[in-house]
Amino acid sequence: MAKEVFYSGCAAAAYGAKDARVEVISSYPIRPYTGIMMELSKLVANGELDAEFVHGEGEHAQVSIAYGASAAGARAYTGSSGVGVAYAMECYSPAAGGRLPCQMAIADRALDPPGDFGSEHTDVMGARDQGWIMGWAESPQEVYDNTIMYYRIGEDHRVQLPQFCCQDGYFVSHIPGRMKLEDQKAVDEFLPPYNPPHPLDPNRPVNHGPQIFPDQGSAINVQRAVAFDEIESVIEEVVKDYNKQFGRKYSPFVDEYMMDDAEIAFFLQGAHARTARFAVNHLRKQGVKVGVARLRFMRPFPTKAIQESLSKVKAVGTVETSTSYGGQSRGGNIIHETRSALYPLDKRPIVTSFMAGLGGEIVTLNEFYAMAKVLSDAVKTGKANDSYWMNFEKEVLDTHK
Amino acid sequence: MAFDYDKYMRPGKLPHIWCPGCAHGIVMKSIIRAIDRVGLDKDRTVIVSGIGCASRMPGYVDFNTLHTTHGRSLAFATGVKLADPSLNVICVAGDGDALAIGGNHFIHACRRNIDITMVVFNNNIYGMTGGQFSPTTPHGKLASTTPYGNPDYAFDVVELSMGAGATYVSRGTVYHAVPLERQIADGITHKGMSVIDALCTCPTTYGRRNKLGSATDMILWFKDNTVGIKAAERLSPEERAEKILTGVFRQDIKPEYCEEYQKIIDMAKGA
Ligand SMILES: Cc1ncc(C[n+]2csc(CCOP(=O)(O)OP(=O)(O)O)c2C)c(N)n1
Ligand code: SF4
Ligand SMILES: [Mg+2]
């Protein structure tokens, strides 16, 4: 039976994994991810989830355990935050290259220094080019839903890729929200047991991760790239099925709010989109034609959906929440690919970026108002900087602070 | 006259983050008194830590301090020591930090016999992250990740260090703070890798769950359940099996890493 609950993002991830019937879980504590593994260790200990729970001696071991379990044909689940995500970096490419669809829950967290525990997307954004599927949820419900959907996408034989199932640390991971756990039978119908194409099997020996020569390398790389060609149609299929089966309204790639007649837009991923929508409600009352486009997948980067959504407006501000020091835009990440996605269009909006929500700071309503002002000015003057560091540059000072 | 800790503290960094009743402070004070006893120059002394409750210690004391990444204090310290072997280098680490995520660095620092003093704040648990079992949580004990008892068996820090090649190895407790101070002082003056297994307590995430009584009860437990290695010789094997042994287990003179390295440099330059 489906059930209404009031859960944090951590509990939502754990229950998503439980309902996905994960078979091997590897853990290592680091907040805010710790909440997910603690919830799972309880579920396993209480007999509510029949899975192996392995406590690794660090994140590197954790992801290696998930790799091994997945190679043996199990549905494997792991997770981490911040420096833990960074520490496991070596393991990401082998898992993707080996086409092992394990899942890693990310409750994001700023990297050191100086040991800030706040939410920031920088940790796992650093791993975005390794061949993992990757996207952010904005609520506990979406965390639960994504956990289940990601397995089906990743395990599809046209795809066969691991997944970073991300949520904002604290803003989602530790703030409970009303949500629905779906009926186990219905979830089982949606997500059948993992059918590994090449499991380790003594009766039919296979070799994962063989040593190769340079001339074989590009052939393997291109296969990973081709999997990403296939993936958008798989995601569309899976999201459509999920919406139908469980009565949700997700758009596969870009979740729009008041975009149809908008002139300017905030473009971002994760929990800050919720504040952005409040800001839009307020700004609309003052006659500002603003909308929100929320990115649901960073990998694959959904070029077509982004073109369709953002070509409606005259100016776009990407709200970054992660850093790319020394990059073209003086800070952010999302702006680079967004501009490049829009470049082929005949009529394209001005794109700028806002460095906000770093180190776990809240992106306040006032900050969104300041961004809207910059974007409206850009529409008038036809110009904007590449980036604005919120509260540090005169155009975007939060005067209410 | 009472010992003047202020001379070695950064008062601006207090109050500390440790819970009331946490024994990490006793180990910190033992380290400070040991440094004072040996007479180290503050400016020539480096204290390195990883991440964890124990690893917060360097923030509070007035030396050259490095707060690094989880498990890797010994690797950072190796860099410090090799760059300037005349510095006095002390590492502080929790049991999880030193032996789980940092276990690899731990055994290799021991093997090299580099002149570093490593104090393991061994409270049998990951304190900072909420009481998950660590490599020194005893078999059967409760942790937040082992609600029905720990299926793993613990490392014996002393045996591990000796097996890996550390040349000064001792175990003390926070009940026996003066002998602990003496061991740390001996570890500092010892030329080579020194490991001091400092048994301490985490009443918040370990004591409460395992019903070990108050913070004070947990410290008093060491009085009744440990025995010095000399005194242990007078016990029957059955009596000894009940106790945790404390004292100095090894104090050997062996070639030290930085000195051996210098010999190679000298030889190569001379050739
Ligand atoms: C790479 C990485 N993984 C995980 C963590 C989270 N973490 C912080 S402290 C800690 C364990 C602390 O236990 P211990 O070393 O025994 O020190 P105590 O807190 O008990 O003094 C962990 C896992 C981290 N900081 N970095
Ligand atoms: S959690 Fe445990 S180890 Fe950490 S400060 Fe509190 S008592 Fe000490
Ligand atoms: Mg500990």
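As they're listed, the protein sequences go chains A and B.
Going by the numbering used here, the first residue of the first sequence is number 340, and it counts up by one from there.
Going by the numbering used here, the first residue of the second sequence is number -7, and it counts up by one from there.
Virtual Cβ for every residue (Gly too), placed ideally from N, Cα, C.
Every value quoted in this text rests on a predicted model; they were computed, and no experiment measured them.
The contact set of TYR140 of chain B on chain A, defined by CB atoms closer than 9 angstroms, consists of ALA384 in chain order. The alpha-carbon separation between VAL498 of chain A and ASP725 of chain A amounts to approximately 35 angstroms. Residues of the same chain with a CB within less than 7 angstroms of the CB of SER663 of chain A, apart from the 5 flanking positions on each side, are GLY670, GLY671 and ASN672 in chain order. The chain-ordered list of residues whose CB is nearer than 6 angstroms to some heavy atom of ligand 2 reads B:TRP10, B:CYS11, B:CYS14, B:HIS16, B:CYS45, B:ASN115, B:GLY119, B:MET120, B:CYS194, B:PRO195, B:THR196 and B:THR197. DSSP places TYR509 of chain A outside both helix and strand once states are collapsed to three, so it counts as coil. Taking the Cα positions, SER692 of chain A is about 35 angstroms away from ALA356 of chain A.
The Cβ atoms of HIS513 of chain A and GLY348 of chain A sit closer than 9 angstroms to each other. Take the alpha-carbon of MET518 of chain A and the one of TYR589 of chain A: they are about 15 angstroms apart.
Within chain B, TYR118, THR121, GLY122 and GLN124 have C-beta atoms less than 7 angstroms from the C-beta of PRO368 of chain A, given in sequence order.
Proximity of the beta carbon of GLY493 of chain A to ligand 3 is not indicated: no heavy atom of the ligand is located closer than 8 angstroms. Minimum Cα-Cα distance from ALA(-6) of chain B among the listed residues B:HIS168, B:GLU252, B:THR60 and B:LYS21 corresponds to B:LYS21. One finds nothing in chain A with a Cβ atom closer than 7 angstroms to the Cβ of GLY132 of chain B; even the nearest lies about 15 angstroms away.
The three-state secondary structure of GLN555 of chain A, taken from DSSP, is helix.
For PRO50 of chain B, same chain residues with a beta-carbon under 8 angstroms away, outside a window of 5 residues either side, are ILE39, VAL40, SER41, THR57, LEU58, HIS59 and VAL84 in chain order.
TYR198 of chain B is a Cβ neighbour of ASN116 of chain B, given a cutoff of 9 angstroms. Contact of SER65 of chain B with chain A is not assigned, every C-beta pair being separated by 9 angstroms or more. Between the segment 247 to 262 of chain B and the segment 116 to 129 of chain B there are fewer than three C-beta pairs closer than 8 angstroms, too few to call the two in contact. Counting C-beta pairs closer than 8 angstroms gives fewer than three between the segment 696 to 713 of chain A and the segment 674 to 682 of chain A, which falls short of the contact rule. A Cβ-Cβ separation of about 6 angstroms places PHE113 of chain B in contact with HIS16 of chain B under the 8 angstroms criterion. Around the beta carbon of THR208 of chain B, a 10 Å sphere encloses fewer than 16 other beta carbons of the protein chains shown; the residue is thus reported as exposed. Contact annotation: GLY493 of chain A and PRO501 of chain A have beta-carbon atoms nearer than 9 angstroms. Using a Cβ-Cβ cut-off of 9 angstroms, HIS59 of chain B counts as an interface residue toward chain A, since at least one Cβ of chain A sits closer than that to its own.
If only complete runs of 4 or more residues are kept, the segment 561 to 625 of chain A shows the alpha helix (DSSP H) at 611 to 624, in order along the chain.
For VAL631 of chain A, no alpha helix (DSSP H) encloses it; the enclosing beta strand (DSSP E) starts and ends at 629 to 634. For ASP599 of chain A, there are no neighbours in chain B by C-beta distance under 9 angstroms, as the nearest C-beta there is about 46 angstroms away. At least one heavy atom of ligand 1 is found less than 8 angstroms from the C-beta of PHE113 of chain B. For ASP189 of chain B, there is no enclosing alpha helix (DSSP H); the residue is part of the beta strand (DSSP E) that begins and ends at 186 to 191. Looking at the DSSP output, ASN114 of chain B bridges to B:LEU191.
In the assembly as shown, ILE257 of chain B is an exposed residue. Its beta-carbon has fewer than 16 other beta-carbons within 10 Å. The beta carbons of ALA644 of chain A and ILE689 of chain A sit no closer together than 9 angstroms. Uninterrupted alpha helix (DSSP H) stretches at least 4 residues long and entirely within the segment 12 to 80 of chain B occur at 16 to 30, 49 to 52 and 65 to 75, given in chain order. Nearest neighbour of GLN646 of chain A by Cα position, chosen from A:LYS381, A:SER668 and A:PHE606, turns out to be A:PHE606. GLY516 of chain A: member of the beta strand (DSSP E) spanning 516 to 520, first to last residue.
The DSSP-derived three-state label of SER366 of chain A is strand.
A direct Cα-to-Cα measurement between MET464 of chain A and PHE636 of chain A gives close to 12 angstroms.
From the beta-carbon of SER136 of chain B, the residues of chain A found nearer than 7 angstroms are MET377.
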